[in-house]
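Student:
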Amino acid sequence: MADASKEGTLTRFLDFAQLVDMASESVGGKILFSTDDFFAPAENLIKSDDPSFKEREYTEFGKWMDGWETRRRRTAGHDWCVISLGIQGVIRGFDVDTSYFSGSHAPRMSIQAANLEKDKLPEIPQRGVRTGAAATPEEFAAIAQLKSDDWNSLVPMTELKPGSTASSHNYFLVNSQQRWTHVRLNIFPDGGIARLRVYGTGQKDWTATDPKDPVDLVAIAFGGVCVGFSNAHFGHPNNMIGVGGPKSMADGWETARRLDRPPVLENDKNGLLQVQGCEWAVFRLAHPGVITQIEIDTKYFKGSSPDSCKVDGCILTTQEEEDMVKKKWILPAHKWKPLLPITKLSPNQNHLFDSLTLELQDVITHARFTIFPDGGVSRLRLKGFPSSICLLRPRRDPRMRFSVKTGFKANL
Numbered sequence: 000m001a002d003a004s005k006e007g008t009l010t011r012f013l014d015f016a017q018l019v020d021m022a023s024e025s026v027g028g029k030i031l032f033s034t035d036d037f038f039a040p041a042e043n044l045i046k047s048d049d050p051s052f053k054e055r056e057y058t059e060f061g062k063w064m065d066g067w068e069t070r071r072r073r074t075a076g077h078d079w080c081v082i083s084l085g086i087q088g089v090i091r092g093f094d095v096d097t098s099y100f101s102g103s104h105a106p107r108m109s110i111q112a113a114n115l116e117k118d119k120l121p122e123i124p125q126r127g128v129r130t131g132a133a134a135t136p137e138e139f140a141a142i143a144q145l146k147s148d149d150w151n152s153l154v155p156m157t158e159l160k161p162g163s164t165a166s167s168h169n170y171f172l173v174n175s176q177q178r179w180t181h182v183r184l185n186i187f188p189d190g191g192i193a194r195l196r197v198y199g200t201g202q203k204d205w206t207a208t209d210p211k212d213p214v215d216l217v218a219i220a221f222g223g224v225c226v227g228f229s230n231a232h233f234g235h236p237n238n239m240i241g242v243g244g245p246k247s248m249a250d251g252w253e254t255a256r257r258l259d260r261p262p263v264l265e266n267d268k269n270g271l272l273q274v275q276g277c278e279w280a281v282f283r284l285a286h287p288g289v290i291t292q293i294e295i296d297t298k299y300f301k302g303s304s305p306d307s308c309k310v311d312g313c314i315l316t317t318q319e320e321e322d323m324v325k326k327k328w329i330l331p332a333h334k335w336k337p338l339l340p341i342t343k344l345s346p347n348q349n350h351l352f353d354s355l356t357l358e359l360q361d362v363i364t365h366a367r368f369t370i371f372p373d374g375g376v377s378r379l380r381l382k383g384f385p386s387s388i389c390l391l392r393p394r395r396d397p398r399m400r401f402s403v404k405t406g407f408k409a410n411l
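Counting with numbering that gives the first Met the number 0, you get residues 0 to 411 for the letters of the sequence shown.
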C-alpha cells in the first residue's frame with residue numbers, strides 16, 4: 000500500500016464531530032467487503048448507536064463484541080474493509096472508536112477513499128450473515144475490480160489507543176475538498192474496532208437538478224447543515240434534515256422544557272400559546288436559493304410537539320456566518336426575511352406550507368427555524384430552487400399566498 004510507510008498523528012480538533020456521519024447505516028451506509036469477520040462483523044462499524052458491552056455473552060466463535068473484530072491473523076497481509084457512504088460528499092474528519100476493545104483492539108489503522116461513479120461499480124456479492132466467516136475467493140475477485148489498494152490516502156498508518164473509557168475515541172482531521180463516495184478502513188495486522196464515524200457534509204451535483212421540480216435545499220445529504228441552535232437537550236437539529244423519514248423520537252430535534260413558561264398557560268385569540276420564550280436552530284442551505292415550500296413533520300412527537308413555529312431566511316457571507324457563530328446568532332432583525340409566519344402545529348402530523356417568498360429573486364443562504372415555546376420536530380424540509388436555476392425560470396405572480404396543504408396527516 001502506498002501509505003503503509005507513513006506514520007500519522009491524532010488530532011484534537013473535534014468541531015467536525017458535530018457534522019453528519021456519512022457512513023452510518025441510518026443514512027444508507029453499507030459494508031461492501033471485509034477480509035474477515037470471525038468474532039464480529041464489519042456491519043457493526045456503521046451502527047448509529049454507541050457501542051455496548053455484554054460482559055458474560057459469548058457466541059460459538061468467541062467473546063461477543065459490539066464492533067468489527069477479526070481473528071488473530073496467522074497468514075501474510077492485514078485486514079481491511081470497504082464502506083459505501085450513505086451520504087456522498089466532503090469528508091472533514093474521522094472518529095475511530097475502540098470502545099471495549101482493551102486487549103484486542105487493532106494496533107494501527109489507515110483510511111483511504113475514492114470517488115466512484117455508481118453506474119461503473121462492479122457487482123459485489125451480498126454479504127449475508129458474516130460472524131465466523133472470512134472473505135471468499137469470489138468476494139476478493141469482485142472487490143479487486145475497485146482497485147482500492149490505489150485509493151487516495153486520507154489518514155496514513157497511525158497507532159490507535161485501546162478502548163478504555165478515557166482513550167477510546169481516535170480523532171483525525173481531513174484537509175480535503177474532494178467529493179468521496181467510498182472509504183477503505185485498513186487495520187494492521189488484525190484486531191477490533193467498535194465504530195468508524197465518517198464526519199462531513201453532503202455534496203450534490205446541482206448542474207443535474209431538474210429546473211421544473213423543487214428540491215430540498217436544506218437536506219443534509221446535499222450539504223445542508225445546522226450552524227447554530229439554542230437548545231438540543233434530547234436531539235440535535237441536524238436530525239431534522241436527515242435522510243428519509245423519521246424512525247422515532249430519537250431521530251429528531253427535541254429541546255428541554257423551558258423553565259420560563261408561565262405557571263398557568265393561556266391562548267391568544269388565534270389559539271396560540273401566550274409565552275415569551277422560544278427555541279431556534281439556524282441552517283446553512285446546501286445551495287443558495289429560493290424557498291417556495293416548507294414541510295414540518297412532528298411525527299412521533301405526540302406529547303411534546305411545539306405549540307407553533309416560524310421560519311425566516313437571510314443572506315450571509317462566509318465571514319458573516321463566522322461572526323454570527325461567535326455572537327451566538329444575535330443577528331439584526333431586519334436581516335431576516337419571513338418565509339413562514341407564526342403558525343400553529345399539531346402533534347404527530349406532517350404539515351406542508353407555501354412559503355411567503357414573493358419572487359424567485361428572493362434568494363437566501365441561511366434559514367432560521369423557531370419553535371414556541373419548546374418541544375420536538377422530526378423533519379424540516381425547505382423545498383425550492385437553487386439560485387442558478389431561479390435565474391432561468393420565468394417570474395411568477397409576486398403575490399404568492401400563504402396556505403396550509405391538507406392530506407399530509409401522519410398515521411396516529
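The beta-carbon is built from N, C-alpha and C at its ideal position, and this holds for glycine as well.
1) Please state whether DSSP places Thr200 in a helix, a strand or coil.
2) Take the Cβ of Gly201 as the centre, count every other Cβ of all protein chains shown within 10 Å, and call the residue buried at 16 or more, exposed below.
3) For Phe371, count the other beta carbons within 10 Å of its own beta carbon; 16 or more makes it buried, fewer makes it exposed. Which is it?
4) Over what stretch of residues does the alpha helix (DSSP H) that includes Asp322 continue unbroken?
5) Counting along the chain, where does the beta strand (DSSP E) carrying Ile90 start and finish?
6) Applying the 10 Å Cβ sphere with the 16-neighbour rule, what's the burial state of Asn266?
7) If we count Cβ pairs, one from each stretch, closer than 8 angstroms, do we get three or more for the segment 346-354 versus the segment 204-222?
8) What three-state label does DSSP hand His181 in the structure shown?
9) Let me check one thing: in DSSP terms, what residues is Asp20 bridge-paired to?
10) Do Leu379 and Thr356 have their beta-carbon atoms positioned less than 8 angstroms apart in this structure?
11) Have a look at Pro385 and Leu330 and give me their C-alpha separation to the nearest angstrom.
12) Can you find the residues in the same chain that come closer than 6 angstroms, C-beta to C-beta, to Arg72, ignoring five residues on each side of it along the sequence?
13) For Asp215 and Lys382, which I take to be in contact (beta-carbon distance under 8 angstroms), what is that distance rounded to the nearest angstrom?
14) For Val173 and Ile30, I'd like the C-alpha separation in whole angstroms.
15) Between which two residues does the alpha helix (DSSP H) carrying Phe139 extend?
16) What is the DSSP secondary structure of Ile433, counted as helix, strand or coil?
17) Quick check on this structure: which residue in Val19, Trp279, Gly88, Asp49 has the alpha carbon closest to the alpha carbon of Val376?
18) Would you kindly report the start and end of the unbroken beta strand (DSSP E) that includes Gln348?
19) Quick one, are the C-beta atoms of Gln111 and Leu44 less than 8 angstroms apart?
20) Determine contact between the segment 34-52 and the segment 14-23, defined as no fewer than three beta-carbon pairs at a distance below 8 angstroms.
21) Pick from Gln17, Phe282, Glu59: whose alpha carbon is nearest that of Cys37?
22) Hey, Asp94 and Ala193 are a contact pair by Cβ (cut 8 angstroms); roughly how many whole angstroms apart?
23) For the structure I just gave you, are there three or more beta carbon pairs, one from the segment 310-322 and one from the segment 358-365, closer than 8 angstroms?
24) Answer yes or no: do His104 and Gly61 have a C-beta to C-beta separation smaller than 8 angstroms?
25) Distance check for Pro305 and Glu68, CA to CA, integer angstroms please.
26) So the candidates are Ile240, Ala231, Asp148, Asp212; which of them puts its Cα closest to the Cα of Ala220?
27) At the level of alpha carbons, what is the spacing between Ala141 and Arg91?
28) With a cut-off of 8 angstroms on the beta carbons, I'd call Thr180 and Gln87 a contact; round off their distance for me.
29) Within the present structure, is the beta-carbon of Lys29 separated from the nearest heavy atom of the ligand FMN by less than 7 angstroms?
Tutor: Put simply:
1) Note: Thr200 maps to strand in three-state DSSP.
2) Only buried fits Gly201, as 16 or more other CB atoms lie within 10 angstroms of its CB.
3) So Phe371 ends up on the buried side.
4) Unbroken alpha helix (DSSP H) run through Asp322: 317-325.
5) According to the DSSP assignment, Ile90 belongs to the beta strand (DSSP E) that extends over 78-96.
6) Asn266 should be labelled exposed.
7) Flag = no, the segment 346-354 and the segment 204-222 do not touch.
8) Strand.
9) In the DSSP assignment, Asp20 forms a beta bridge with Tyr198.
10) Not closer than 8 angstroms, so no.
11) As the crow flies, the alpha-carbon of Pro385 is around 24 angstroms from that of Leu330.
12) Excluding five sequence positions before and after Arg72, the CB atoms of its chain that fall closer than 6 angstroms to its own CB belong to Pro188, Asp189, given in chain order.
13) Contact between Asp215 and Lys382 holds: CB atoms are separated by about 5 angstroms, below the 8 angstroms threshold.
14) When rounded, the distance between both Cα atoms is 22 angstroms.
15) Per DSSP, the continuous alpha helix (DSSP H) segment holding Phe139 begins and ends at 136-143.
16) Outside the displayed range of the chain (0 to 411) lies residue 433, so it cannot be described from this structure.
17) With distances taken between Cα atoms, Val376 lies closest to Trp279.
18) Membership of Gln348 in any beta strand (DSSP E) is not indicated, and neither H nor E is assigned to it by DSSP.
19) Not closer than 8 angstroms, so no.
20) Yes, they touch.
21) Per the sequence shown, the amino acid found at residue 37 is Phe instead of Cys. Answer by Cα proximity: Glu59.
22) With 8 angstroms as the limit, Asp94 and Ala193 do not qualify as a contact, their Cβ atoms being about 10 angstroms apart.
23) The segment 310-322 is in contact with the segment 358-365.
24) No, they are not a contact pair.
25) Glu68 and Pro305 have their C-alpha atoms spaced approximately 44 angstroms apart.
26) Restricting attention to Ile240, Ala231, Asp148, Asp212, the CA atom closest to the CA of Ala220 is found in Ile240.
27) Take the alpha-carbon of Ala141 and the one of Arg91: they are about 29 angstroms apart.
28) Beta-carbon to beta-carbon, Thr180 and Gln87 are separated by about 5 angstroms, close enough to satisfy the 8 angstroms threshold.
29) With respect to the ligand FMN, the structure offers nothing, as it holds no ligand at all.
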